[in-house]
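Number of protein chains: 2
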Amino acid sequence: MKMSTIYQVSELAGVSLSSVSRVMNNHEHVSEKTKSKVLSAIAELDYRPNFTARSLASKCSNSVGVLVAEISGPFYSDLLSGVESELSHANKHAVIISGGSNEKKEIDAIQFLIDRNCDALILCVDFVSDEYLINLTNDSTTKVVIINRFIEKISDHCIFIDNILGSYQATEYLIQNGHKNIAYLSGPLSKADAKDRFNGYQKALIDNKISLDKALTFEADYTTIGGRAGMLSLIKSNKAFTAVVCANDEMASAAMRVARENKVRVPEDCSIMGFDNVYFSEYLYPQLTTIEYPINKMAKMAVQWVLKNKYKQKKITIKHQFYTELIIRESTQFCSIKT
Amino acid sequence: MKMSTIYQVSELAGVSLSSVSRVMNNHEHVSEKTKSKVLSAIAELDYRPNFTARSLASKCSNSVGVLVAEISGPFYSDLLSGVESELSHANKHAVIISGGSNEKKEIDAIQFLIDRNCDALILCVDFVSDEYLINLTNDSTTKVVIINRFIEKISDHCIFIDNILGSYQATEYLIQNGHKNIAYLSGPLSKADAKDRFNGYQKALIDNKISLDKALTFEADYTTIGGRAGMLSLIKSNKAFTAVVCANDEMASAAMRVARENKVRVPEDCSIMGFDNVYFSEYLYPQLTTIEYPINKMAKMAVQWVLKNKYKQKKITIKHQFYTELIIRESTQFCSIKT
DNA sequence: TAATTTTTTGGAAGCCCTACCAATACTATG
DNA sequence: CATAGTATTGGTAGGGCTTCCAAAAAATTA
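Protein chains in written order, with my numbering: chain A, 862 to 1200; chain B, 862 to 1200.
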């Protein structure tokens, strides 16, 4: 099945190359007559423009690079899903790549996307420094939007959320419910959001005059495996606690399981709080109280940013900051233990 | 930051274009002297080859189109994750697109990927006909591999699994445990795998001389919402059943929740069986008994297929058929009800 | 009708590479 | 030293499109 080219179209239609090109790109100043001749030639030949040749000539690939730490997992897949759907509405496409877990891999991945002639990049990166991103944003001809991270100097390029506040809300809610010994299962503190979430927890403690007990704190890695280990360690430590706030829902689900395995009732003996509100959190038992994190909406907004700033679509308003929200379900309750 | 081209490299190195090209592509017959001159010119200019120009000239884009019904959800994200990681090891990249829920959208999506000059396609499609895929596979210059579907005439292009058998295993296990009234929560029967899974259930029943009771059967849609509705309808029907096999884990998790809400104990009053063994299934309560479905491995194998058949990498052995496996956990037990 | 403006068209020069072929340099052999 | 063979190199013609500029045609005005 030999593909036909713009040449055969121009020949069959009896017009020049330029005219065919103009018709395909909806340029003005094309007569109806030419247009219809071209269109029917295109139809007759079942002609489809060569994407690569177009990209080369126009210096626009209509593709957007997306970099995330990993492809699977409920959080990232929500993000990717938002990006992909919004992008394909605009007839653009996503080149998706995962960034691994260190700075070098992230930089390589970014370079890879740039080399692939992506028109713009949507980055969800953890290890690369602020300076690197600032330089990238300023130097590169490729437009860059950063999701889930706030960098003052390039705040225009950031779609972010206040993780500190989210975690604060979570902790505060527990405190309002009478909890004083609140453990914390952290994400990897090498990641900015994990650090912020941890800080929010501490801030809520401080604001309520509860002193931070390091022993009630465990740095895990956002996975169920890590959450499992963390909760186990907390329980084994024999330090008393009546609640644990987890830096994400996956760790929370693992924590609930460990609690159960150790005859700790949730929420009667121990309240458990999640973070992210991933789709399965309401199917856990007990249903998980958590912090809604609108990553899907943020992802769509990132695409809007690209549409506006790269593809020059007008009339798009960008919302840079998003907000978390407390979702109260069954895994938390008032503290029944007297101190 | 103006990008340098192969011309400046050739000029700086004092060799011809062809030599630069040869060095970049690791051709044989390049002297060490030339090679090092070129390499240092490349380094000095920080030259990076233009991906698009290369694709156009070589007719190879090093990109593989991936089509799935949706991006999010534990099943597809496992698939995508497998594809992406395997592909980037080979220094290729994935163009990912979601296919929606009808034939037209699937066809459009496939056409889109072909138009984008993908070298090969990895398809996970439900609505397109066998004939369409057979034609696509035979006519198109783009290599095609089909995942999660078996089509006799192009079996070489299929990476598949026996869904019927998986479902049979699930049902058979329940029967061995004394269950006779076994309900079934189906996926959408417009999808081939959902149909197969349903057939496996029926076959197990027949082989064990249990008659199929349509009233114990509900066609849902693989989502938690659908699973919820299905389980609710089953319970409300007042037909007695002691087990339910679900066509996937998401519906199973919903079913467990509905059971709980209706004071039906799992597994004491009702055993619940899932399908897929998605990563959160062991964090449900009770932990879900399910059928392992190695979608991640299948995805990686699909990439191997592409590497072998499109990129001509030798020494790759393709395994076309994969197998399900019963994972026994807590959500099922022997039937305690006398009949 | 001629002059002017505007709309529509065609020609050709790129975009940045690859790949083929012919030319040259080098090596080994008799 | 000539000859054949092999390793290495350069030249050049595309790959299929866009885009600019100038030319031609049509519309408008005087």
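Positions of the beta carbon are idealized from the N, C-alpha and C atoms, including for glycine.
Residue i and residue j look like a contact to me (Cβ under 8 Å); what is the Cβ gap, rounded to whole Å?
i, j, result
"L1187/A", "Q1030/A", "5 Å"
"L1035/B", "M1159/B", "That belief does not hold up - the Cβ atoms of L1035/B and M1159/B are roughly 26 Å apart, past 8 Å."
"V1006/A", "V1167/A", "6 Å"
"T1185/A", "Y1154/A", "6 Å"
"Q1165/B", "I1156/B", "The Cβ separation is near 15 Å, so there is no contact."
"G943/A", "K1161/A", "5 Å"
"A930/A", "S882/A", "Not quite, the Cβ-Cβ distance comes to about 41 Å (not below 8 Å), so this is no contact."
"A1076/B", "S1047/B", "No, A1076/B and S1047/B are not in contact; Cβ-Cβ is about 13 Å, not under 8 Å."
"N1009/A", "D1054/A", "6 Å"
"I1012/B", "I1025/B", "With 8 Å as the limit, I1012/B and I1025/B do not qualify as a contact, their Cβ atoms being about 15 Å apart."
For a test of the three-state rule: what should DSSP assign to residue i, helix, strand or coil?
i, result
"T1002/B", "coil"
"Y982/A", "The sequence shown places Leu at residue 982/A, rather than the Tyr named in the question. Strand, per DSSP."
"L1149/B", "coil"
"T1032/B", "helix"
"L994/B", "helix"
"Q1182/A", "strand"
"F1102/A", "coil"
"G1088/A", "helix"
"S916/A", "helix"
"A868/B", "In the sequence as presented, Ala is not what sits at residue 868/B; that position holds Tyr. In this structure, Y868/B counts as helix in the three-state DSSP scheme."
"L928/A", "strand"
"I971/A", "helix"
"S897/A", "helix"
"V1119/B", "helix"
"L1095/A", "helix"
"V956/A", "strand"
"D1137/A", "strand"
"F936/B", "helix"
"F1059/A", "helix"
"S1047/B", "strand"
"I1189/A", "coil"
"S962/A", "coil"
"S1132/B", "strand"
"I1020/B", "strand"
Does the distance from the C-beta atom of residue i to that of residue j stay below 8 Å?
i, j, result
"T1002/B", "S916/A", "no"
"E945/B", "I971/A", "no"
"Q1148/A", "R1190/A", "yes"
"Y1083/B", "A1108/B", "yes"
"A1044/A", "T1085/A", "no"
"S833/A", "V1127/A", "In the structure as shown, chain A starts at 862 and stops at 1200, and residue 833/A therefore has no counterpart that could be examined."
"G1061/A", "G1039/A", "no"
"L1095/B", "V1105/B", "yes"
"S1114/A", "Q1194/A", "no"
"D980/A", "K1004/A", "yes"
"S865/B", "S871/B", "no"
"K1041/B", "I1067/B", "no"
"Y1146/A", "Y1146/B", "yes"
"I1020/B", "T998/B", "no"
"N1069/A", "D1110/A", "no"
"A1065/A", "T1103/A", "no"
"I932/B", "L982/A", "no"
"M1117/B", "G1087/B", "no"
Indicate, with yes or no, if the ligand ZN has a heavy atom lying under 7 Å from the CB of residue i.
i, result
"T1103/A", "For the ligand ZN, the structure offers nothing, since it holds no ligand at all."
contact_flag[the stretch 1168 to 1176 of chain B, the stretch 982 to 990 of chain B] where n(CB pairs < 8 Å) is 3 or more: no
Chain-ordered residues of the stretch 1177 to 1195 of chain B with a beta carbon less than 8 Å from chain A: none
Segment contact flag, the stretch 952 to 967 of chain B with the stretch 947 to 965 of chain A, C-beta cutoff 8 Å, min 3 pairs: yes
Selection of the stretch 1124 to 1140 of chain B by Cβ proximity to chain A, strictly under 7 Å: none
Contact the stretch 890 to 905 of chain A vs the stretch 921 to 928 of chain A: 3+ CB pairs below 8 Å: No, the stretch 890 to 905 of chain A is not in contact with the stretch 921 to 928 of chain A.
Residues of the stretch 942 to 965 of chain A whose Cβ lies closer than 8 Å to any Cβ of chain B, in chain order: S942, E945, S946, S949, H954, A955, V956, I957, I958, S959
Contact list for the stretch 967 to 987 of chain A against chain B, Cβ threshold 9 Å: Those would be A970, Q972, F973, L974, I975, D976, R977, N978, in chain order.
Residues from the stretch 903 to 917 of chain A in contact with chain B, defined by Cβ distance under 8 Å: R909, P910, N911, F912, T913, A914, S916, L917
Selection of the stretch 1041 to 1062 of chain A by Cβ proximity to chain B, strictly under 9 Å: none
Under 9 Å (Cβ pairs) to chain A, residues found in the stretch 1148 to 1174 of chain B: Q1148, N1157
Residues in the stretch 864 to 877 of chain A having any Cβ partner in chain B nearer than 7 Å: none
Near-chain A residues of the stretch 1106 to 1120 of chain B (beta-carbon distance less than 9 Å), N- to C-terminal order: E1111, S1114, A1115, M1117, R1118
The stretch 1081 to 1096 of chain A: positions lying closer than 7 Å to chain B by Cβ: T1085
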